[in-house]
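Beneath this line is the structure, given in structure tokens, with notes to follow.
In our numbering, the protein residues as written are 5 to 546.
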């Protein structure tokens, strides 16, 4: 702990010899955890306590001699108690003053008295002080020295930074800034620096999370850090391939925003998306994967047999093979006014960032698939009540049976079927939503501050342009779905594309962005692993 933040031990005695001895003994045993101060005068010590009070320092224990000019030890400890009432108070006395010390136990709430001399301190001093300090520490909350985020709770920029820090599993304290104040949000770092309205890359760089590229050329570059990309990176690196993982935001993908994943093999009690994906990132880094985030891939090209990825930070990465595991992005609400409140009451995905804000308050969830059901059960544990707005006639049309059973049995969840979100209203944050009955067409207005959206997603493949073949919805075609190789302009190999290979030799696709993939976590992980085996086969042929 920095010196200025350590709690104080204060010794007061007008005898220089005694003061040096007590300071020596206190420093020997406690200087690692406390700041040891000393004063020869009780009047000077009172001024010192006032200074500590002004600086918001903490005083843990005060040792004071009884017989001092101008003020007795008991009088000084009484003055000290007015300033630092929780500090433990110890009186140093001679044998002749023990009766005074005993009476002071009640007068100034004296915690202990020590008869001079206290040699050896290991037997007569430290056991007493250890017990008093342990008692003081049990009720002491040290000053917060970590990351602080100051901003407006319903400001989109603040929400994005809160989500970024949460997804990176970085402890931070959020402080609500003054309404209307300019220059927010601000990220205050433990080293004293402040980042004013920072971008994600600036925060990652300042916190030392940025990764330097360790290879001039990679065996495999993976675009997208969701489950398929993370699985592929682990398997590729563990088999000795120089591997780069590129992620536009935080590794984890949509799975990283899931409040609870209960049907993934090996976690019978479920696990949060952040926990699961952060473990995968740790595993990948342990095998030597370079993780580049937040950086977007903006274009893919070829240089002979090598692939070239052009990134948003200006870098160009070359790799022998590329795996496209870009995943999906949530589809936006098509409701009047909804766009105004994204990050200010309307959120895509059940981010853990917002859980604290929703405690005891009503929460609305739009969607009827598994992700919406998992979010409903998560928020039901914290929110005042959860209402699901479902377009379909019942939940079973798009949700696993186990989730339907849990939701229907939970009294904290209300299901509104045959219902659509028609509009969103408010000033600078969401205040009301308008719902449309899908059967009658009737509109109804409801108060709402927190609305979470799960209405499907689209593949993050726009940046590929015509480099690889995609279907009409933008999903990447692979293997047999590509059709005859004679119709693939970039195909120049005397074989058919492998099962997960795209229309460009050496470029593969896996996970949710691949056409025909099963949109499940386990399937994405399996495809990531399978892609690595196909990359090995491609490399052996080249």
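Note that CB positions come from ideal geometry on N, CA and C, so glycine has one too.
Item checked: Secondary structure of residue 137, DSSP reduced to three states -> Here the question's residue 137 lines up with position 133 in the chain shown. It is helical.
Check: How big is the Cα-Cα spacing for residue 443 and residue 269?
Finding: What you label residue 443 is simply residue 439 of the chain shown in a count that begins at 1. What you label residue 269 is simply residue 265 of the chain shown in a count that begins at 1. Separation of residue 443 and residue 269 (C-alpha to C-alpha, rounded to the nearest whole angstrom) is 40 angstroms.
Checklist line | Helix, strand or coil at residue 383 [DSSP, three-state] | finding: Against the chain shown, residue 383 aligns to sequence position 379. Note: residue 383 maps to helix in three-state DSSP.
Next item on the list: Indicate the three-state DSSP secondary structure (helix, strand or coil) for residue 525 in the structure shown.
Entry: As a first step, residue 525 is located in the chain shown; it is residue number 521 there, counting from the start. Here residue 525 sits in helix by DSSP.
Margin query: Which of the three DSSP states is assigned to residue 5 in this structure?
Written below: Counting from 1 along the chain shown, the entry for residue 5 is found at position 1. Per-residue confidence for residue 5 stands at a pLDDT of 48, beneath the threshold of 50, marking its modelled position as unreliable; the derived number appears in the next sentence. Note: residue 5 maps to coil in three-state DSSP.
Next item on the list: Would you list, in sequence order, the uninterrupted alpha helix (DSSP H) runs of no fewer than 4 residues that lie entirely inside the region 183 to 224?
Entry: Segments of the alpha helix (DSSP H) lying fully in the region 183 to 224: 204 to 210.
Next item on the list: Kindly indicate which three-state DSSP category residue 154 falls into: helix, strand or coil?
Entry: Here residue 154 refers to the residue found at position 150 of the chain shown. Looking at residue 154 - three-state DSSP - the assignment turns out to be strand.
Item checked: Nearest-angstrom Cα separation, counted from residue 436 out to residue 422 -> Against the chain shown, residue 422 aligns to sequence position 418. Against the chain shown, residue 436 aligns to sequence position 432. Distance between the alpha carbons of residue 422 and residue 436 is about 20 angstroms.
Next item on the list: In the DSSP assignment, find the unbroken beta strand (DSSP E) run with residue 250 in it and report its ends.
Entry: Residue 250 sits at position 246 when you count from the first residue of the chain shown. First-last of the beta strand (DSSP E) with residue 250: 247 to 250.
Margin query: Using C-beta distances below 8 angstroms, list every residue in its chain close to residue 150, excluding the 5 sequence neighbours before and after it, in chain order.
Written below: For the purposes of this step, residue 150 is taken as the residue at position 146 of the chain shown. Contacts found: 175, 176, 177, 194.
Notebook entry, point to check: Of all the CB atoms in chain B, is at least one closer than 7 angstroms to the CB of residue 321?
Noted result: The structure shown contains no chain B; it holds only a single protein chain.
Next item on the list: Throw me the rounded Cβ distance for the residue 258 and residue 212 pair, which I believe falls under 8 angstroms.
Entry: Here residue 258 is taken as the residue at index 254 of the chain shown, counted from 1. Here residue 212 is taken as the residue at index 208 of the chain shown, counted from 1. Their Cβ separation, rounded to whole angstroms, is 27 angstroms, which puts residue 258 and residue 212 out of contact at 8 angstroms.
Note to self: By the DSSP assignment, the alpha helix (DSSP H) with residue 80 in it spans what residues?
What the structure shows: Translated into the one-based positions of the chain shown, residue 80 becomes position 76. Segment 77 to 87, the alpha helix (DSSP H) holding residue 80.
Next item on the list: Classify residue 217 as buried or exposed, calling it buried when 16 or more other Cβ atoms lie within 10 Å of its own Cβ.
Entry: Position 213 of the chain shown, counted from the start, is the residue given in the question as residue 217. Label assigned to residue 217: exposed.
Checklist line | Alpha carbon of residue 196 to alpha carbon of residue 426, nearest angstrom | finding: In the chain shown, counting from the first residue as 1, residue 196 sits at position 192. In the chain shown, counting from the first residue as 1, residue 426 sits at position 422. Their Cα atoms are separated by approximately 46 angstroms.
Notebook entry, point to check: Sorted by chain position, which residues of the same chain lie with C-beta nearer than 7 angstroms to residue 441's C-beta, five sequence neighbours on each side aside?
Noted result: For the purposes of this step, residue 441 is identified with residue 437 of the chain shown, where counting begins at 1. Excluding residues within five positions, the ones whose Cβ falls inside 7 angstroms are 422, 423.
Item checked: Whole-angstrom C-beta distance between residue 172 and residue 254, which should lie under 8 angstroms -> Counted from its first residue, the chain shown places residue 254 at position 250. Counted from its first residue, the chain shown places residue 172 at position 168. With 8 angstroms as the limit, residue 254 and residue 172 qualify as a contact, their Cβ atoms being about 6 angstroms apart.
Next item on the list: Have a look at residue 534 and residue 515 and give me their C-alpha separation to the nearest angstrom.
Entry: Against the chain shown, residue 534 aligns to sequence position 530. Against the chain shown, residue 515 aligns to sequence position 511. The straight-line gap from Cα to Cα measures roughly 11 angstroms.
Notebook entry, point to check: Which residues in the same chain have their Cβ closer than 6 angstroms to the Cβ of residue 21, if we skip the five residues on either side of it in sequence?
Noted result: For the purposes of this step, residue 21 is taken as the residue at position 17 of the chain shown. Excluding residues within five positions, none has a Cβ falling inside 6 angstroms.
Margin query: Comparing C-alpha positions only, which one of 367, 298, 398, 51 sits nearest to residue 214?
Written below: As a working mapping, residue 214 is identified with position 210 in the chain shown. Nearest of 367, 298, 398, 51 to residue 214, Cα basis: 298.
Check: Across which residues does DSSP place residue 178 in a beta bridge pair?
Finding: Residue mapping note: residue 178 aligns to position 174 of the chain shown, counting from 1. Residue 178 is bridged to 153.
Notebook entry, point to check: Hey, residue 367 and residue 456 are a contact pair by Cβ (cut 8 angstroms); roughly how many whole angstroms apart?
Noted result: Here residue 367 is taken as the residue at index 363 of the chain shown, counted from 1. Here residue 456 is taken as the residue at index 452 of the chain shown, counted from 1. The Cβ separation is near 7 angstroms, so the contact holds.
Next item on the list: Using the DSSP secondary-structure output, state which residues sit across from residue 456 in a beta bridge.
Entry: The residue given as residue 456 occupies position 452 in the chain shown. Per DSSP, 351, 369.
Item checked: Spatial distance of residue 55 from residue 41 (CA atoms) -> Walking along the chain shown from the start, residue 55 turns up at place 51. Walking along the chain shown from the start, residue 41 turns up at place 37. Rounded to whole angstroms, residue 55 to residue 41 spans 13 angstroms at the Cα level.
Note to self: Across the region 506 to 521 and the region 314 to 332, are there enough close Cβ pairs to call them in contact, namely three or more that are closer than 8 angstroms?
What the structure shows: yes
Next item on the list: Can you tell me which of 84, 508, 478 puts its alpha carbon nearest to the alpha carbon of residue 492?
Entry: Stepping through the chain shown from its first residue, residue 492 is reached at position 488. Out of 84, 508, 478, 508 has the C-alpha closest to the C-alpha of residue 492.
Checklist line | Residue of 339, 227, 454 minimising C-alpha distance to residue 392 | finding: For the purposes of this step, residue 392 is taken as residue 388 along the chain shown, with counting starting at 1. Taking only the C-alpha atoms, the option nearest residue 392 is 454.
Notebook entry, point to check: Where residue 131 and residue 33 are concerned, what is the direct C-alpha to C-alpha distance, given to the nearest angstrom?
Noted result: Here residue 131 corresponds to residue number 127 of the chain shown, with the count starting at 1. Here residue 33 corresponds to residue number 29 of the chain shown, with the count starting at 1. A straight-line Cα-Cα distance of about 11 angstroms links residue 131 and residue 33.
Item checked: Coarse secondary structure for residue 413, derived from DSSP in three states -> Residue numbering aside, residue 413 sits at position 409 when the chain shown is read from its first letter. Here residue 413 sits in helix by DSSP.
Next item on the list: Would you list the residues sitting across from residue 512 in a DSSP beta bridge?
Entry: As a position in the chain shown, residue 512 is number 508, starting the count at 1. DSSP, once it has assigned bridges, lists 327, 505 as partnering residue 512.
Item checked: For residue 462 and residue 285, the rounded distance between their alpha carbons -> Indexing the chain shown from 1 puts residue 285 at position 281. Indexing the chain shown from 1 puts residue 462 at position 458. Across the structure, residue 285 and residue 462 are spaced so that their CA atoms are roughly 24 angstroms apart.
Margin query: Tell me the residue span of the beta strand (DSSP E) that contains residue 390.
Written below: One-based indexing of the chain shown puts residue 390 at position 386. That run of the beta strand (DSSP E) goes 389 to 393.
Checklist line | Buried or exposed (CB count within 10 angstroms, at least 16 for buried), residue 544 | finding: For the purposes of this step, residue 544 is taken as the residue at position 540 of the chain shown. Around the Cβ of residue 544, a 10 Å sphere holds fewer than 16 other Cβ atoms; the residue is exposed.
Check: Considering residue 127, what are the terminal residues of the alpha helix (DSSP H) in which it resides?
Finding: By 1-based counting over the chain shown, the position of residue 127 is 123. Run containing residue 127: 125 to 128, per the alpha helix (DSSP H) assignment.
Next item on the list: Pair every Cβ in the region 9 to 19 with every Cβ in the region 55 to 67, then say whether three or more of these pairs are closer than 8 angstroms.
Entry: yes
Notebook entry, point to check: Which same chain residues, not among the five before or five after residue 232, have their C-beta less than 6 angstroms away from its C-beta?
Noted result: In the chain shown, the residue the question calls residue 232 occupies position 228. Correct list, in chain order: 329, 514, 515, 528, 531, 532.
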